[in-house]
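Working notes for the structure below.
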Ligand code: GRF
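In our numbering, the protein residues as written are 4 to 220.
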């Protein structure tokens, strides 16, 4: 029997390999995560197919059908809240969110980003890490606040940059780490261990370091 479940809605725009990692992890008997729905702004996103294959409800909402960001985000909130999630998980959702949206889900909105934040907010993170000559790279899970890719960090996975790395090879190795740390963070939240406090992310009641919980290699 599952412990008391935590309903989660996942938002994505693309392939959904992080969604798959979450689906796989949620299948473990002792995991309280229940993915109630997957919503995409792109009807053709492969992530929606992954959800359907797992028997999860899907919805799509085309941002191009709306006048502006606020109108789209308001409709998105309505769609999400039908499922009454305790947590909303961004898994490659390629939209900048309005302040109203972020405030509505304050403390229950997580994102994963393919860099060691605060480095390389935004796009092309692997290329930027290589161009900068970084010896370490990785990915970060964070609570979402109004500052783009700037909310309190929950967990980071660090990998070494190798001599012959390309943006593609680096992206592949970072992805493997994403699939490890995102289910971990979502599960912490679902178990009631992770929350957002006044001063940052809390794990088991303790304020996490500025970089979040750190995992190396
Ligand atoms: C990941 O690299 C994630 O860090 C970023 O979007 C990408 C989504 O990949 N936010 P996938 O669709 O989960 O494969």
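A virtual CB, placed ideally from N, CA and C, is assigned to each residue, including glycine.
Heavy atom of ligand 1 within 7 Å of residue i beta-carbon
i, result
"residue 94", "yes"
"residue 150", "no"
"residue 115", "yes"
"residue 44", "no"
"residue 178", "yes"
"residue 169", "no"
"residue 142", "yes"
"residue 14", "no"
Pick from the options that is closest to residue i, judged by C-alpha positions
i, options, result
"residue 179", "159, 103, 194 and 190", "159"
"residue 106", "68, 147, 92 and 120", "147"
"residue 126", "104, 170 and 25", "170"
"residue 94", "150, 23, 70 and 130", "23"
"residue 89", "192, 196 and 204", "192"
"residue 17", "67, 145, 42 and 174", "42"
"residue 219", "154, 121 and 184", "184"
Margin query: Give the list of continuous alpha helix (DSSP H) stretches no shorter than 4 residues that lie fully inside the segment 86 to 156.
Written below: 102 to 107 and 128 to 134
Item checked: Unbroken stretches of the beta strand (DSSP E), 3 residues or longer, contained in the segment 17 to 87 -> 36 to 43 and 60 to 63
Check: What are the uninterrupted segments assigned as beta strand (DSSP E) that are 3 or more residues long and contained completely in the segment 151 to 211, given in chain order?
Finding: 156 to 163, 197 to 199 and 204 to 206
Margin query: Between the segment 134 to 153 and the segment 39 to 53, can you find at least three pairs of beta-carbon atoms closer than 8 Å?
Written below: no
Next item on the list: Mind the definition here: the segment 48 to 57 touches the segment 200 to 215 only if three or more C-beta pairs lie below 8 Å; say whether that holds.
Entry: no
Notebook entry, point to check: Any chance the segment 113 to 121 sits against the segment 71 to 89, with 3 or more Cβ pairs inside 8 Å?
Noted result: no
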